[in-house]
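Student:
Chains as they are written, first to last, in the numbering used here: chain A, 1463 to 1979; chain B, 1463 to 1979.
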């Protein structure tokens, strides 16, 4: 399936949800709209926002009733902690009362949510179109008749894929292996890379396994279990299961005490900001990293089957690199016959002003595999090269191999993205938000440092010297916001985040900056 | 939460679905019951089955209209294969037309399904009670407002756990870490074991990580990434991601070309059947395996943090061992301070005549962790020891950490198991089925070899000299059945499989045996 989203910012509206935009949304939602938050006047910032809201029943602004957590939440958290680890709990949410960009809690607090479940809610809480799809007979059947997709796929599985997941496949990819979440999406892609490399070295798909391979693998030993590797980048994040964690290099706390494969890492460019003031240094830094990458991938003692990289290192601190860097990496991987896996788990599905962040790079040849999860609400890896299908069945296989219910949901998300033209929305709103933050940075020096994400939709971050205090204080101002790396504040609003939401966010950030100045 | 299912075969009926059994089911289902299959007269076998059907609208028997795959299925499979690997495809299913124990395809074939999506459908296709729950506002919200459970759990998460997953927690377990599927359930349990072992060696939860640990783990090296191991058993299966695959020892095709950890394996008892004719040899075999296990776990060069074992090795060929073996293993692990992880992914949730298969063992101290998936339709690991909660937050963490929608479904499955008394049903029906197979074995020598699973509910298997032909031929007789290991036919009917279904199965198996005799 060709992607409708490739090389175009404006998307063709779908007839699938053939209803006038706001009227229909209002009527669909009427049964389950949470009560309006007490209107907190949206304070204008910079230039007035004028576009019509996507969801008119959304609260007009945040509304703070108690400290967070308030008394009801505290009681509930104490209870939950008896059976479920709550030490990473950020906020106990009341999703019945959440709507659009706003998340509610048990104590009546309603926050503008620019963290969005770690960048994974695409089109708003209680989105009416998703609600409708979730009530459909098709969804009900997918929930209660969950198939072992590799053995007993449902008869409409090709339709679900082609009208959903594959309709937005990146250029060069026309097949998918579905999975459950980001970690196993990456790990199954790694497995495909290892099988491909072994097959290449063996002399092609027709060459049979040797007896030595067949017996040694049962003892986890070479040659059957070869010492191949995946190369990843320092400060990168690719998941937390054993293979994916071996490529994750974000923070020690993610990795400590867990055995890891002897796989190589190399430096990701650490650029200086603002970019236009450091062009020469940054180009040199990217050149240095590419040279290191080429050296490592061509010399590491455990041969490198694939390189995995995020378009923007997200958990690791919102580290960006230029298209030239990624073009260079693609060239090096081609030269050394190493596969390139682009991990779009956090960057994918519209947040950067393109449907896939790697569309910003204009590569001469596409990535070999692209992984996705989070905003897709399902997961997997895309590929195009038929040699990446293992040469025999049951080599890439598991019981469920994904979840048709979540694939149906992703299709509805894609339809909603088209209907509301949300990829363009993130591009336009992102520029507006970036400009506002740039102005805040000028007004409050030292508080919005290394602002990054220009031209990358709403995928924006900055460093703050008191980051953790900043995040906590944001909640008291009605903003739910997240961090990444050691000192970054990362903005991960939903795709339905509009200029009037940006105005509210900028206003609250301005007040916080004034308090901290 | 104490388990309602422990030490009791008869379950208290729930008031949650407070409706008369058959009347309610019929009325709930009326909107979406598939049309009745052409009644194939159920032929009585051995003794007549007399119990009332759980679902009166279920087809009276299999119905075969075409070869499988038929013309419509063939076309659809060809189409699907362009975008999705279909080489492991067994049967393209039409779930709209499937009901209860019967699976349908596009060509009008309706088969009695004793494979059940690789042992993962618990209470029947289009189960009316699950249908009702799937239409609830609670489910809709869980589907469209999917939380990052570690950060922003929904306010009723403790209730969903306590009234569902934890209500059936195995003895000794009162906490859960939720996951997505069997592989990551096992891998997160392994991670908990490694963190526990490192903490023990470090001197307790209060002892901080050293600088050396913090820096070495970023390069995947010891001491931060220690060379600890998980011991597993030969012919065991624990999943296909990198950590779980390193403990899987079922077949070479599952492991070839994938790098693996240097982790140890040891022999699982290979018992001789019938058991009562080989008591002395089998006891010696189990003793030998225990001695080997103790030797390996106490001497392996990569120190063993935990042993993982299936109560019945399923993918590896339906290999059983006695309670005495498992009691011995528990003693050895205690003695050497090694954790015992029981992998109940395939055996759990009622199929063996107990809710958890390891309840058959009467252990003096419970397993340290128990993993689950498949029939639970969600996944995770149970634990009781508070030291298995890592000493700091964000050590055991990922974005979704499971799926509340699937947790809500599991709760509905538990309710249905209670309402229909399904654990007792598998015990009673299993005995009936086992006896029938034993008689078939006497009548057709050499075709129902090494019959196993006596007293293990419907978790029954036998070896057949022409296994693959046998499985294919079964489809033409209206039976969907699976294999395991090299030569086993494994029966994995749903929990709603009753004596009248067993009669049909036994009748068809008898005809096949007569043809092959």
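Beta carbons: idealized from backbone N, C-alpha and C, even for Gly.
In this text the structure is predicted, and so the values were computed from the model without any measurement.
Would you mind telling me which residues of chain B sit closer than 7 Å to residue 1668/A, beta carbon to beta carbon, in chain order?
Tutor: By Cβ distance, chain B contributes nothing, its closest Cβ being about 15 Å from residue 1668/A, past 7 Å.
Student: Taking C-beta pairs closer than 7 Å, name the residues in chain B that residue 1862/A reaches, listed in chain order.
Tutor: Residues of chain B passing the Cβ test: 1643.
Student: Could you tell me which uninterrupted beta strand (DSSP E) segments, each at least 3 residues in length, are contained entirely in the stretch 1577 to 1652 of chain B, listed from first to last along the chain?
Tutor: The qualifying runs are 1637 to 1641.
Student: DSSP beta-bridge partners for residue 1980/A?
Tutor: Because chain A spans 1463 through 1979 in this model, residue 1980/A falls outside it and cannot be assessed.
Student: Going along chain B, which residues have a C-beta under 8 Å from residue 1556/A?
Tutor: Within 8 Å Cβ-Cβ: 1616 and 1617.
Student: What are the start and end residues of the alpha helix (DSSP H) that includes residue 1884/A?
Tutor: Element bounds for residue 1884/A: 1884 to 1905.
Student: Go ahead and pull the three-state DSSP assignment for residue 1964/A.
Tutor: It is helical.
Student: Measuring straight from C-alpha to C-alpha, what distance separates residue 1648/A and residue 1842/A?
Tutor: Taking the straight line from one Cα to the other gives about 8 Å.
Student: By Cβ distance below 7 Å, which residues in the same chain neighbour residue 1855/A in space, the five residues on each side in sequence not counted?
Tutor: Excluding sequence neighbours, residue 1855/A sits near nothing in its chain.
Student: Taking beta-carbon pairs under 7 Å, can you tell me which members of the stretch 1693 to 1719 of chain B lie near chain A?
Tutor: So the close ones are 1702, 1703, 1704, 1705, 1708, 1711, 1714, 1715, 1717, 1718 and 1719.
Student: Check for me: the beta strand (DSSP E) holding residue 1946/A runs from which residue to which?
Tutor: Counting along the chain, the beta strand (DSSP E) containing residue 1946/A begins and ends at 1944 to 1946.
Student: From the beta carbon of residue 1846/A, is the nearest beta carbon of chain B less than 8 Å away?
Tutor: Output row for residue 1846/A: interface = no.
Student: Please compile the residues from chain B whose C-beta is within a distance smaller than 8 Å of the C-beta of residue 1882/A.
Tutor: Per Cβ cutoff of 8 Å: no residues; residue 1882/A is ~16 Å from chain B at best.
Student: Is residue 1747/B buried or exposed, if buried means 16 or more other CB atoms sit within 10 Å of its CB?
Tutor: Answer is buried; the Cβ neighbour count reaches 16.
Student: Beta-carbon within less than 8 Å of residue 1787/A's beta-carbon, same chain only, minus the 5 sequence neighbours each way: which residues are those?
Tutor: Excluding positions up to five away in sequence, the list reads 1731, 1748, 1751 and 1752.
Student: Three or more C-beta pairs closer than 8 Å, one from the stretch 1842 to 1852 of chain B and one from the stretch 1554 to 1562 of chain B: is that the case here?
Tutor: As far as the Cβ criterion goes, the stretch 1842 to 1852 of chain B does not touch the stretch 1554 to 1562 of chain B, which means the pair count is below three.
Student: Any beta carbon of chain B sitting closer than 8 Å to that of residue 1776/A?
Tutor: Not closer than 8 Å to any Cβ of chain B, the Cβ of residue 1776/A fails to qualify, so no.
Student: State the start and end residues of the unbroken beta strand (DSSP E) segment that holds residue 1832/A.
Tutor: From DSSP, the beta strand (DSSP E) with residue 1832/A extends over 1831 to 1834.
Student: Between the alpha carbons of residue 1971/A and residue 1930/A, how many angstroms are there, rounded?
Tutor: So the alpha carbons of these two residues sit roughly 14 Å apart.
Student: Tell me, please, whether the stretch 1917 to 1927 of chain B touches the stretch 1880 to 1900 of chain B by the rule of three or more beta-carbon pairs shorter than 8 Å.
Tutor: The stretch 1917 to 1927 of chain B is in contact with the stretch 1880 to 1900 of chain B.
Student: Count Cβ pairs between the stretch 1648 to 1662 of chain B and the stretch 1772 to 1792 of chain B that sit closer than 8 Å; are there 3 or more?
Tutor: Too few Cβ pairs lie closer than 8 Å, so no.
Student: Do you know how far the Cα of residue 1718/A is from the Cα of residue 1685/B?
Tutor: Taking the straight line from one Cα to the other gives about 9 Å.
Student: Please report the residue range of the alpha helix (DSSP H) in which residue 1868/B lies.
Tutor: Run containing residue 1868/B: 1866 to 1881, per the alpha helix (DSSP H) assignment.
Student: Measure from the C-beta of residue 1541/B to each C-beta in chain C and report whether the shortest distance is under 8 Å.
Tutor: Protein chains in the displayed structure are A and B, and chain C is not among them.
Student: By how many angstroms is the C-alpha of residue 1522/A removed from the C-alpha of residue 1513/A?
Tutor: C-alpha separation (whole angstroms): 14 Å.
Student: Could you pull out every residue in the same chain whose Cβ sits closer than 7 Å to the Cβ of residue 1582/B, ignoring the five residues on either side in sequence?
Tutor: Once the five neighbours on either side are set aside, the close Cβ partners of residue 1582/B are 1836 and 1837.
Student: What are the start and end residues of each continuous beta strand (DSSP E) run of 3 or more residues lying completely inside the stretch 1797 to 1841 of chain B, in chain order?
Tutor: The qualifying runs are 1801 to 1805 and 1831 to 1834.
Student: Cβ of residue 1653/A less than 8 Å from any chain B Cβ?
Tutor: Cβ-Cβ to chain B under 8 Å: yes for residue 1653/A.
Student: Is the shortest distance between the beta-carbon of residue 1608/A and the beta-carbons of chain B less than 8 Å?
Tutor: By this cut-off, residue 1608/A is an interface position.
Student: Provide the residue span of the alpha helix (DSSP H) that contains residue 1758/A, from first to last.
Tutor: 1741 to 1761 is the span of the alpha helix (DSSP H), which, as asked, contains residue 1758/A.
Student: In chain A, which residues lie with their C-beta within 8 Å of the C-beta of residue 1560/B?
Tutor: Chain A residues near residue 1560/B: 1607.
Student: Between residue 1637/B and chain A, is the shortest Cβ-Cβ distance under 8 Å, so that the two count as touching?
Tutor: Yes, because at least one Cβ of chain A sits closer than 8 Å to the Cβ of residue 1637/B.
Student: Could you say which of 1574/A, 1699/A and 1770/A lies nearest to residue 1520/A if we only look at CA atoms?
Tutor: When only C-alpha atoms are compared, the closest one is 1574/A.
Student: Show which residues of chain A have a CB atom less than 7 Å away from the CB atom of residue 1679/B.
Tutor: 1714, 1717 and 1718, listed in chain order.
Student: Using CA coordinates, which residue listed in 1763/A, 1805/A and 1782/A is at the minimum distance from residue 1709/A?
Tutor: Residue 1805/A is the option with its Cα nearest to residue 1709/A.
Student: Classify residue 1969/B: buried if its beta carbon has 16 or more other beta carbons within 10 angstroms, exposed otherwise.
Tutor: Buried.
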